[in-house]
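**Q** For our numbering, count along the first sequence from 1 and bump the result up by 114. Here it is, the structure, as structure tokens.
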Amino acid sequence: MCGSLRTADAGTRVRIGGWVHRRRDLGGIVFLDVRDREGIVQVSFDPRWTPAEVLRGAAAVGVESVVLVEGEVGARPAEARNADLATGEVEVRAATLMTLGPAATPAIPVARTRGEEPAAEELRLRHRVLDLRRPELQANLVLRHRLLQATRRHLSDRGFLEIETPILTKPTPEGARDYLVPSRVHPGEFYALPQSPQLYKQLLMVSGFDRYFQLARCFRDEDLRADRQPEFTQIDIEASFVQREDIVTLAEGLIVALFAEAGLAVATPFPRLAYADAMERYGVDRPDLRYGLELFDASDVFRGADFGITRAALAAGGRVRGLRLPGGARFSRKQVDELEAIAKSAGAAGLIRLRSAGGALEGPVTRFLGPDAAARLGMADGDLALFVAGPDHVSNPALDRVRQEAARRLELIPPGALAFVWVLDFPLVERDAEAGRFTAVHHPFTAPHPDDLALLASDPARARAVAYDVVLNGTELGGGSIRIHAPDVQERVFRLLGITAEEARARFGFLLEGLRAGAPPHGGIAFGFDRLAMLLAGASSLRDVIAYPKTTAARALFEGAPAAVPPEELSALHLRTDTSDEAAGAAAGD
RNA sequence: GGGACUGUAGCUCAGCUGGUUAGAGUGCCGGUCUGUCACACCGGAGGUCGCGGGUUCGAGCCCCGUCAGUCCCGCCA
């Protein structure tokens, strides 16, 4: 209750427990700031109301110790109020003090001095007990709790059942790498931790639980990023007898509820973009719509120009695409070089630059273009245009990155803007460059668009899926699809993906059997919950909204996982480890 | 798997072109102090410059390797 005391409490006798945030020892009088999860309150130890030995104790107590104080809440003298503190009008006048949990000097500070950087990430993770005491992280975890509860309330109120699915599941060779768990009773066999509850939730639909949700822990053994942890939480949703619109509406309602929990108003319905349009206009399937800067096709303007780079690209069937940056002409040569470096790092050979200044175009390719080029490119005075010549699969990622960086530099991003968009009609499959076969864009259970069923045989790459992603400010919040519920369609898609009937039976037999048992049409969506919490908490790393996160090397520094196990445990699991790589490295070092 | 950055006192950081005894703030310890709130003031302790090797008369600084953390690419159906 430390943080909740107010003027109205003045005169009441209270007993408060908390952690010593700071100590100010003035000699004859001592102040302790005592902190609990609700906030901080000042406790004053003064001979007028504090026995001498209690006062001596207060002078000796170390920060971060757990104390229990009894005393009377009093209004502070007018000149001693603290407007920076929610409890700053009052203080607790201590009569007693008990140190219930004396603390060693903290390895990292909890109460930071003004302007001080937080401790290094490694130390924060190693001393997580202390780091989690910081008010920022406490606020993040409180918000996370509220989002979890709001999710449960919202979905339960709409008839969705929370059903848990197994954590020990069947390994799947497709998709991300599995975390494996050896079986003790079945030598040589393994469970896998779920990458998502996908098949379980579909089979729940087959069993008649027509509305399901779960706050599902998912595990993927892939390399990490600031917004990617090896274990994470999904809001996993599935419903029967639904079409895309039902899921879209449900998802928008949930998003409204969750953002409201964080005090943000969200307008629905969200705008929508077909995947093909998103790629054409933004070069990416999760466009940031907080600003314009749409890409456009300038191939016609460059066609016939005697300029080697664009001529070669156009002759090879590529295009010249680019974007106009209003006011971008003021970028220095160096700044444009930096944008070009970004385009290059995304795979482009370079950027073709055109600057409109003083009513004329400037740039190395100007002399190859007609006199009406500026008008045809829609360029106004002071604009800069940047182009990439080549196939779309090169220009898309390059222009996407350039567009994002240019928007930042031109300060086109309105603070606080929330630009939601649905991206619809994803392709069903794409050709895997190295394997030379088709792979599912979403996953192998996604329903083909009913109008495109014939394309599965004739031109699979053009077939659309009934899949949808919801995107906020260029970040994917969630995605889902209507699933295949007809066993013959599922078998056709497996075939398309190069999965033989035999493989399909071995790997997904339980799904096919389920679909043959009488399956309703169904579909769903999943949201990355941690990322959502991070966004709403205004955090820049997932680690700040997870109580006990892993490092980018998937280590848990706090408890020390993963860890070696005694040989007896390994042999009970019928395992032998082979760390010969490390052994060879060590030997070479001698 | 690849790239970039970082690693100096408990914590946050500085340390010049390679040159005498490696510094500051904060925390910690001791002292003074009755209205502070980053209390103030005085004094003190505190260092494997991540680790290993090399270059050099001499390395915190240069080179190679390695470990850890972070960010990015690949990867993440």
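The beta carbon of each residue, even a glycine, is placed where N, CA and C say it ideally should be.
(1) Helix, strand or coil for F274, going by three-state DSSP, please let me know.
(2) Do the region 362-380 and the region 513-529 make contact, defined as three or more Cβ pairs closer than 8 Å?
(3) Does the beta-carbon distance from L465 to E476 come in below 7 Å?
(4) Might you give, ordered along the chain, the residues of its own chain that have their beta carbon closer than 6 Å to the beta carbon of A503, omitting 5 neighbours on each side?
(5) Can you tell me the Cα-Cα spacing of R597 and P635, whole angstroms?
(6) Buried or exposed for Y389, please, with buried defined as at least 16 other CB atoms from any protein chain shown within 10 angstroms of its CB.
(7) Quick one: Cα of F559 to Cα of R242, how far?
(8) Expressed to the nearest angstrom, what Euclidean distance is found between the alpha-carbon atoms of A697 and A678?
(9) Under 7 Å between the Cβ atoms of V180 and V128?
(10) Which runs of the beta strand (DSSP E) fall wholly inside the region 510-553 and span at least 3 residues, in chain order?
(11) Would A533 and R657 qualify as a contact pair, given that the criterion is a beta-carbon distance under 7 Å?
(12) With contact counted as at least three CB pairs below 8 Å, one residue from each stretch, are the region 521-533 and the region 401-415 in contact?
(13) Assign R481 to buried or exposed, taking buried as 16 or more other Cβ atoms, counted over all protein chains shown, within 10 Å of its Cβ.
(14) For Q263, count the other beta carbons within 10 Å of its own beta carbon; 16 or more makes it buried, fewer makes it exposed. Which is it?
(15) Enumerate, from N- to C-terminal direction, the unbroken beta strand (DSSP E) stretches of 3 or more residues contained entirely within the region 564-632.
(16) Tell me the DSSP secondary structure of E345 in three-state form.
(17) Measure the C-alpha to C-alpha separation of A653 and P676 and round it to an integer number of angstroms.
(18) Go through its chain and collect everything with a Cβ distance to G302's Cβ below 8 Å, but skip five positions before and after it.
(19) Using the rule of at least 16 other Cβ atoms within 10 Å of the residue's Cβ for burial, across every protein chain shown, is F384 buried or exposed?
(20) Compute the beta-carbon to beta-carbon distance between D113 and G593, rounded to the nearest angstrom, for a pair I have assumed lies under 8 Å.
(21) What do you get for H507, buried or exposed, if any count of 16 or more other CB atoms within 10 angstroms of its CB means buried?
(22) Taking the alpha-carbon of A381 as reference, which of L387, G397, V479, V370 has the nearest alpha-carbon?
(23) What is the residue span of the alpha helix (DSSP H) that S685 lies within?
(24) Please name the residue, chosen from S297, Y326, V168, F304, that lies closest to P311 on a Cα-to-Cα basis.
(25) For L182, collect the residues of the same chain with a Cβ closer than 7 Å to its Cβ; drop the 5 residues on either side in sequence, then sort them by chain order.
(26) Could you give the C-beta distance for V555 and P574, rounded to a whole number, given that I count them as a contact under 8 Å?
(27) Determine which residues share a DSSP beta bridge with L83 and list them.
(28) What's the C-alpha gap between F643 and H557?
(29) Quick test of your reading: E278 and S270, contact by CB under 8 Å. State the CB separation rounded to the nearest angstrom.
(30) How should A340 be labelled, buried or exposed, when 16 other C-beta atoms within 10 angstroms of its C-beta is the threshold for buried?
(31) Exposed or buried, what is D411 when buried is set at 16 or more other beta-carbons lying within 10 Å of its beta-carbon?
(32) Among the candidates E375, A379, V398, L378, whose CA atom is the shortest distance from the CA of L387?
(33) Could you check how far apart the C-beta atoms of L282 and Y305 are, in whole angstroms? I think they sit under 8 Å.
(34) Could you tell me the boundaries of the alpha helix (DSSP H) in which Y305 lies?
(35) Which complete alpha helix (DSSP H) runs does the region 448-522 hold, if anything under 4 residues is left out?
(36) Between the region 244-260 and the region 194-201, do at least 3 Cβ pairs fall closer than 8 Å?
**A** Looking at the atomic coordinates:
(1) When DSSP states are grouped into helix, strand and coil, F274 belongs to the coil group.
(2) By the Cβ test, the region 362-380 is not in contact with the region 513-529, since fewer than three Cβ pairs between them sit closer than 8 Å.
(3) Against a cut-off of 7 Å, the Cβ pair of E476 and L465 comes out as no contact.
(4) The answer, listed in chain order, is I423, T424, A427, V434.
(5) Their backbone Cα atoms lie some 7 Å apart in a straight line.
(6) Within 10 angstroms of the beta-carbon of Y389 lie 16 or more other beta-carbons, which makes it buried.
(7) Computed Cα separation, rounded: 40 Å.
(8) Because the pLDDT at A697 is just 39, under 50, the model does not fix this residue reliably, and the point stays unresolved.
(9) 7 Å or more divides the Cβ of V180 from the Cβ of V128.
(10) List check, beta strand (DSSP E) in window: 534-538, 543-545.
(11) Going by C-beta atoms, A533 is not nearer than 7 Å to R657.
(12) Of all C-beta pairs linking the region 521-533 to the region 401-415, three or more are shorter than 8 Å, placing the two stretches in contact.
(13) Burial is judged here by how many other beta carbons sit within 10 angstroms of a residue's own beta carbon; R481 has fewer than 16 and is exposed.
(14) With fewer than 16 other beta carbons inside 10 angstroms of its own, Q263 counts as exposed.
(15) Taken in chain order, the unbroken stretches of beta strand (DSSP E) that lie wholly in the region 564-632 and span 3 residues or more are 581-586, 589-596.
(16) E345: strand per DSSP, three-state reduction.
(17) Their backbone Cα atoms lie some 27 Å apart in a straight line.
(18) These residues qualify, in order along the chain: H688.
(19) Within 10 angstroms of the beta-carbon of F384 lie 16 or more other beta-carbons, which makes it buried.
(20) Given that the chain is displayed from residue 115 to residue 704, the structure contains no residue 113 and the question cannot be resolved.
(21) Around the C-beta of H507, fewer than 16 other C-beta atoms lie within 10 Å, and the residue is accordingly described as exposed.
(22) Closest in alpha carbon position to A381, among L387, G397, V479, V370, is V370.
(23) Boundaries of the alpha helix (DSSP H) harbouring S685: 681-686, taken from the DSSP string.
(24) Of S297, Y326, V168, F304, the residue nearest in Cα terms is Y326.
(25) Around L182: R129, G131, M212, L214.
(26) Cβ atoms of V555 and P574 stay farther apart than 8 Å, at about 11 Å.
(27) As shown, the chain starts at 115 and ends at 704. That puts residue 83 outside it, with no answer to give.
(28) Straight-line spacing of the CA atoms in F643 and H557 works out to 20 Å.
(29) At roughly 14 Å, the Cβ-Cβ gap does not stay under 8 Å, so E278 and S270 are not in contact.
(30) Exposed.
(31) That one is exposed.
(32) Out of E375, A379, V398, L378, V398 has the C-alpha closest to the C-alpha of L387.
(33) That pair is a contact at about 4 Å.
(34) No alpha helix (DSSP H) contains Y305, which is instead part of the beta strand (DSSP E) from 304-306.
(35) Entirely contained in the region 448-522, the alpha helix (DSSP H) runs reaching 4 residues are, in chain order, 487-490.
(36) With the rule of 3 Cβ pairs closer than 8 Å, the region 244-260 does not count as touching the region 194-201.
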